[in-house]
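Last residue of the sequence shown: 604 in my numbering, with the numbers rising by one and none dropped.
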Amino acid sequence: MIIRLSAAAIAVAAAFSTPALAAGTDQPTVTVTATRQAQRADEAIADTTVIDRESIERAGPSFSLPELLARQPGIQMSSNGGPGKATDISIRGTNSKHTLFLVDGMRLGSATLGTAAWQDIPLSQIERIEIVRGPASALYGADAIGGVIQVITKKGRGEPKINAFVGAGSYGTREVSAGVAGGTEQISYSARGGYSQTDSFSAQNRKLSTYNPDNDLYRNGNFSGNFAWRPAAGHELGGSVLYAESRSMYDSGRTYNNYNNAAQSAWNLYSRNRFTDIWTSTVRFGQSIDDYENFASYAPNGATIKTTQNQFMWQHDVRLPVGSLLAAYENLHQKATNEGTFDVSRSVNSFLLGWTASIDAHRLQLNARHDDNSQYGGKTTGYAGYGYQILPTLRVQGSIGSAFRAPTFNELYYPGFGNPELKPENAYNKEIGLLWEKGSHNLSATYYRNRISNLIANDQNFIPRNVANAKLEGITLGYGGQLAGFDLSASVDFLDPKDADTDKRLQRRANKFANLSISRRIQALTMGVEWRGSGDRYDRANEIRPLGGYGVLNAYAKYALTHEWAVEGRMNNLLDKQYETAYGYNTPGANVFVGVRYAPK
Numbered sequence: 004m005i006i007r008l009s010a011a012a013i014a015v016a017a018a019f020s021t022p023a024l025a026a027g028t029d030q031p032t033v034t035v036t037a038t039r040q041a042q043r044a045d046e047a048i049a050d051t052t053v054i055d056r057e058s059i060e061r062a063g064p065s066f067s068l069p070e071l072l073a074r075q076p077g078i079q080m081s082s083n084g085g086p087g088k089a090t091d092i093s094i095r096g097t098n099s100k101h102t103l104f105l106v107d108g109m110r111l112g113s114a115t116l117g118t119a120a121w122q123d124i125p126l127s128q129i130e131r132i133e134i135v136r137g138p139a140s141a142l143y144g145a146d147a148i149g150g151v152i153q154v155i156t157k158k159g160r161g162e163p164k165i166n167a168f169v170g171a172g173s174y175g176t177r178e179v180s181a182g183v184a185g186g187t188e189q190i191s192y193s194a195r196g197g198y199s200q201t202d203s204f205s206a207q208n209r210k211l212s213t214y215n216p217d218n219d220l221y222r223n224g225n226f227s228g229n230f231a232w233r234p235a236a237g238h239e240l241g242g243s244v245l246y247a248e249s250r251s252m253y254d255s256g257r258t259y260n261n262y263n264n265a266a267q268s269a270w271n272l273y274s275r276n277r278f279t280d281i282w283t284s285t286v287r288f289g290q291s292i293d294d295y296e297n298f299a300s301y302a303p304n305g306a307t308i309k310t311t312q313n314q315f316m317w318q319h320d321v322r323l324p325v326g327s328l329l330a331a332y333e334n335l336h337q338k339a340t341n342e343g344t345f346d347v348s349r350s351v352n353s354f355l356l357g358w359t360a361s362i363d364a365h366r367l368q369l370n371a372r373h374d375d376n377s378q379y380g381g382k383t384t385g386y387a388g389y390g391y392q393i394l395p396t397l398r399v400q401g402s403i404g405s406a407f408r409a410p411t412f413n414e415l416y417y418p419g420f421g422n423p424e425l426k427p428e429n430a431y432n433k434e435i436g437l438l439w440e441k442g443s444h445n446l447s448a449t450y451y452r453n454r455i456s457n458l459i460a461n462d463q464n465f466i467p468r469n470v471a472n473a474k475l476e477g478i479t480l481g482y483g484g485q486l487a488g489f490d491l492s493a494s495v496d497f498l499d500p501k502d503a504d505t506d507k508r509l510q511r512r513a514n515k516f517a518n519l520s521i522s523r524r525i526q527a528l529t530m531g532v533e534w535r536g537s538g539d540r541y542d543r544a545n546e547i548r549p550l551g552g553y554g555v556l557n558a559y560a561k562y563a564l565t566h567e568w569a570v571e572g573r574m575n576n577l578l579d580k581q582y583e584t585a586y587g588y589n590t591p592g593a594n595v596f597v598g599v600r601y602a603p604k
């Protein structure tokens, strides 16, 4: 499929069109990920979505972070089984290594695999999720080819309040969490702990030789905390921490109960100081750890793989006569240990500049960044975005940007299969969008074209080399608003993800996928339905192992007993659709979950 879109076609497409804002609030939604400076989400030039706390709670514990992300425009998910199993996230057709994952500004993920353990990050600890689609290396460096997903943990404000949740449902699923949060003008704080467990179902089915019919249990214990102290106006010291520890059983034959122990953690401390009316300085340092231990028939005593990322950032925000200047320095030190295999590290020193401005009907964003990596040398990336307010309700915007992905430590150094001569993958993206907003309604249409070169692929001896290329072209259409008392949001994506050398579709990418949500609040009762659909895909490269398309229907309801107490329920996969996002791996059938929430306003 070749997608060609004229300006007139974009205008027509907008009539069907993705909301870039969080729902359920009359206040402007603020995002920091799109520019690294706070701005209204509806003024961002980059294709941006903010998922607020209300939407996260509506998803419920029976949803995981990857499932919630898969309901957003431009994002596809594939999972090797049920809860807690390895999961890939694809933004605009890029692969799972092309999405940068941040927790409160800290990189989190595996430097050996190049991906994040999305499945182990609990929704109960998240205040807000920000998604920026498109190249973002000019802001964040390596790996942001498809985009950036940032999780913001819960903050405290107002009078001290205790909140709690307890629930249970199908597959022996249960969850409990509790926390306390509060704050004054001088100090704010929050702390929350949680535990969830599910007996789940068999991760694999009979299509795979390693199938085991037993249920593959998953459990997760987690904690988050935030604090901030403001000793004087314009000055703040603070920090945050997120920790999640999990165990996940998986299939690998009938002779051994295989399982993984994993721990994800990220902490940071910061000092934000407004030294003058126009200059604010922010110093932040912290560490993230992805710790993974595998127990299998070939490693009954456990095999440990650990990534440690030490991160330092010094950012300056300067208000200019026209617009705002961003200047920053970053240092990233990555260390990976694979027990009995390798112990390696690398350092990255980065300098970045940015400028954003709104001048009458014009909006502009310019960014440039240079990363000096001790392993492969220097890399410079850039971004230029422009928006024009044609009418009070109609805006057109577009951008061009470059991005890159750093080779993983496995690709570089794995004994017998690594290639230390690998270079970074490169990407160049162009996009244009049309946005219409009036009252409670917003419509959008975004066309993008991304070319990725120097892709790393294995040769016939399974040695990784820079030999492949990809071309990704697509349109995302979206709508969000209120009609006849109902809250509606909808999106549809048309994607052409091709291997540029073979002209074959990339694996596990659908050409078409869509989401629809309809809800209504009637006094104390809120209820709604959701539908997610996907076209057919191929599980392997060169269009091998076809996977059928599917549609999944969910329903949810929340009843407020008082201003503090509420009963919540979800019914997922109402029609008990049998489908696969990865060949030979099962997905949940029809299931229900009911819980009680205590959350003083």
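Idealized CB from N, CA, C, for every residue including glycine.
field: Cβ-based burial, ALA487 [other Cβ within 10 Å; buried from 16]
entry: Against the sequence shown, residue 487 aligns to sequence position 484. Exposed, because fewer than 16 other Cβ atoms sit within 10 Å of the Cβ of ALA487.
- request: May I ask you to verify whether the stretch 319 to 338 touches the stretch 123 to 141, counting CB pairs closer than 8 Å and requiring at least 3?
  value: At 8 Å Cβ cutoff, the stretches do not touch.
task: Please state if the CB of ALA269 and the CB of LEU68 are separated by a distance shorter than 7 Å.
output: Here residue 68 corresponds to residue number 65 of the sequence shown, with the count starting at 1. Here residue 269 corresponds to residue number 266 of the sequence shown, with the count starting at 1. In this structure, ALA269 does not lie closer than 7 Å to LEU68 by Cβ.
- prompt: What is the rounded straight-line gap between the Cα of SER605 and the Cα of ARG287?
  reply: The structure shown has nothing for residue 605, since the chain only spans 4 to 604.
query: For GLY175, which three-state DSSP category applies?
result: Numbered from its first residue, the sequence shown carries residue 175 at position 172. Helix, per DSSP.
- request: Would you list the one or two residues that DSSP bridges to LYS158?
  value: Here residue 158 corresponds to residue number 155 of the sequence shown, with the count starting at 1. Answer is none; LYS158 lacks a bridge partner.
query: Got a sec? Which residues, its chain only, sit under 6 Å from LYS561 by beta carbon, not counting five neighbours each side?
result: Taking the first residue of the sequence shown as 1, we reach residue 561 at position 558. By the criterion of a C-beta distance shorter than 6 Å, LYS561 is surrounded in its chain by THR529, ALA569, GLU571, once the five residues flanking it on both sides are discounted.
- request: Label THR28 either buried or exposed according to how many other C-beta atoms from any shown protein chain fall within 10 Å of its C-beta, with 16 as the threshold for buried.
  value: Residue numbering aside, residue 28 sits at position 25 when the sequence shown is read from its first letter. The pLDDT assigned to THR28 is 45, lower than 50, so where the model puts this residue is not dependable; a value taken from the coordinates is nonetheless given after this. Exposed, by the Cβ-count rule.
query: Which class does SER377 belong to by DSSP, given the choice of helix, strand or coil?
result: Counting from one through the sequence shown, the residue named residue 377 turns up at place 374. Three-state DSSP puts SER377 in coil, outside helix and strand.
- prompt: What residue does the alpha helix (DSSP H) around TYR417 start on, and which one ends it?
  reply: Locating residue 417 in the sequence shown gives position 414, counting from the first residue. No alpha helix (DSSP H) contains TYR417, which DSSP labels as neither H nor E.
- request: With ILE78 as the anchor, note down where its beta strand (DSSP E) starts and where it stops.
  value: Numbered from its first residue, the sequence shown carries residue 78 at position 75. Looking at the DSSP string, the run of the beta strand (DSSP E) that includes ILE78 is 78 to 82.
message: Measuring straight from C-alpha to C-alpha, what distance separates GLU414 and ALA602?
response: Taking the sequence shown and counting its residues from 1, the one referred to as residue 414 is at position 411. Taking the sequence shown and counting its residues from 1, the one referred to as residue 602 is at position 599. Answer to the nearest angstrom: the Cα atoms are 47 Å apart.
query: Can you name the start and end residues of the alpha helix (DSSP H) that ILE190 belongs to?
result: Indexing the sequence shown from 1 puts residue 190 at position 187. Premise fails: ILE190 lies in the beta strand (DSSP E), 190 to 201, not in any alpha helix (DSSP H).
- prompt: In terms of residues, what are the limits of the beta strand (DSSP E) holding LEU486?
  reply: Numbered from its first residue, the sequence shown carries residue 486 at position 483. Counted as a single uninterrupted DSSP element, the beta strand (DSSP E) harbouring LEU486 occupies residues 467 to 486.
task: Only counting runs of 3 or more residues, tell me where the beta strand (DSSP E) segments fall wholly within the stretch 38 to 115, in order along the chain.
output: Those beta strand (DSSP E) runs which fall completely within the stretch 38 to 115 and span 3+ residues are 50 to 54, 78 to 82, 90 to 94, 102 to 106.
task: Find the nearest neighbour of GLY84 within the set MET252, GLY96, ILE435, ILE281, judged by alpha-carbon distance.
output: Mapped onto the sequence shown, residue 84 falls at position 81. Comparing Cα positions, the closest option is MET252.
field: Member of GLY170, LYS164, ILE78 whose CA lies at the smallest distance from the CA of GLY186
entry: Taking the sequence shown and counting its residues from 1, the one referred to as residue 186 is at position 183. Ranking GLY170, LYS164, ILE78 by Cα distance to GLY186 puts LYS164 first.
task: Determine the direct distance from the alpha carbon of MET574 to that of LEU71, and round the result to whole angstroms.
output: Residue numbering aside, residue 71 sits at position 68 when the sequence shown is read from its first letter. Residue numbering aside, residue 574 sits at position 571 when the sequence shown is read from its first letter. So the two alpha carbons sit approximately 15 Å from each other.
task: Quick one: measure Cβ to Cβ for LYS158 and SER191, integer angstroms, because I've assumed they're closer than 8 Å.
output: Here residue 158 refers to the residue found at position 155 of the sequence shown. Here residue 191 refers to the residue found at position 188 of the sequence shown. Rounded, the Cβ-Cβ distance is 7 Å, consistent with contact.
- prompt: In three-state terms, what does DSSP make of GLN581?
  reply: In the sequence shown, the residue the question calls residue 581 occupies position 578. Residue state for GLN581 is assigned as coil, using DSSP reduced to three classes.
message: Taking the beta carbon of PRO500 as the centre, do at least 16 other beta carbons fall within 10 Å, making it buried, or is it exposed?
response: Position 497 of the sequence shown, counting from 1, holds the residue named residue 500. So PRO500 counts as buried.
task: Return the CA-CA distance between SER249 and ALA120, expressed in angstroms with no decimal places.
output: Residue mapping note: residue 249 aligns to position 246 of the sequence shown, counting from 1. Residue mapping note: residue 120 aligns to position 117 of the sequence shown, counting from 1. Cα to Cα, the separation comes out at about 11 Å.
Candidates GLY536, GLY390, PRO418, THR283: closest to ALA49 by CA position: Your numbering for residue 49 matches position 46 in the sequence shown. When only C-alpha atoms are compared, the closest one is GLY390.
message: For the stretch 445 to 457 against the stretch 474 to 490, do three or more pairs of beta-carbon atoms, one drawn from each stretch, fall closer than 8 Å, so that the two count as touching?
response: Proximity of the stretch 445 to 457 to the stretch 474 to 490 meets the contact definition, three or more beta-carbon pairs being nearer than 8 Å.
message: Whole angstroms are fine: how far does the CA of LEU142 sit from the CA of ALA360?
response: For the purposes of this step, residue 360 is identified with residue 357 of the sequence shown, where counting begins at 1. For the purposes of this step, residue 142 is identified with residue 139 of the sequence shown, where counting begins at 1. Straight-line spacing of the CA atoms in ALA360 and LEU142 works out to 16 Å.
message: If you reduce the DSSP assignment to three classes, tell me which class LEU245 lands in.
response: Numbered from its first residue, the sequence shown carries residue 245 at position 242. Strand, per DSSP.
message: From the DSSP secondary-structure annotation, give me the bridge partner or partners of GLY598.
response: Sequence index remark: in the sequence shown, residue 598 carries index 595 (1-based). Per DSSP, GLY170, GLU571.
message: Tell me the residue span of the beta strand (DSSP E) that contains TYR451.
response: Residue mapping note: residue 451 aligns to position 448 of the sequence shown, counting from 1. From DSSP, the beta strand (DSSP E) with TYR451 extends over 444 to 461.
message: Rounded to the nearest angstrom, what separates PHE489 and GLY108 at their Cα positions?
response: Looking up residue 489 in the sequence shown gives position 486. Looking up residue 108 in the sequence shown gives position 105. Going by the C-alpha atoms only, they are around 35 Å apart.
Rounded C-alpha distance that separates THR36 from ALA47: Against the sequence shown, residue 36 aligns to sequence position 33. Against the sequence shown, residue 47 aligns to sequence position 44. Straight-line Cα distance between these residues: approximately 10 Å.
task: Determine, using beta-carbon pairs with one atom in the stretch 201 to 216 and one in the stretch 228 to 241, whether at least three such pairs fall under 8 Å.
output: No, because fewer than three Cβ pairs between the stretch 201 to 216 and the stretch 228 to 241 fall closer than 8 Å, the two stretches do not touch.
- request: Find the nearest neighbour of ARG56 within the set VAL154, PRO76, HIS319, judged by alpha-carbon distance.
  value: Working through the sequence shown from its first residue, we reach residue 56 at position 53. Cα-wise, what sits closest to ARG56 is VAL154.
- request: Look at the alpha carbon of ALA235 and the alpha carbon of TYR559, and state the distance between them as a whole number of angstroms.
  value: Counted from its first residue, the sequence shown places residue 235 at position 232. Counted from its first residue, the sequence shown places residue 559 at position 556. Their Cα atoms are separated by approximately 45 Å.
query: How many angstroms separate the CA atom of GLY305 from the CA atom of ALA299?
result: Locating residue 305 in the sequence shown gives position 302, counting from the first residue. Locating residue 299 in the sequence shown gives position 296, counting from the first residue. Distance from the CA of GLY305 to the CA of ALA299, rounded to the nearest whole angstrom, comes to 7 Å.
query: alpha helix (DSSP H) containing ALA141: first to last residue?
result: As a working note, residue 141 is residue 138 in the sequence shown. Looking at the DSSP string, the run of the alpha helix (DSSP H) that includes ALA141 is 140 to 143.
- prompt: Can we say the stretch 407 to 424 touches the stretch 454 to 471, given the rule of at least three CB pairs closer than 8 Å?
  reply: Yes, since at least three Cβ pairs between the stretch 407 to 424 and the stretch 454 to 471 fall closer than 8 Å, the two stretches touch.
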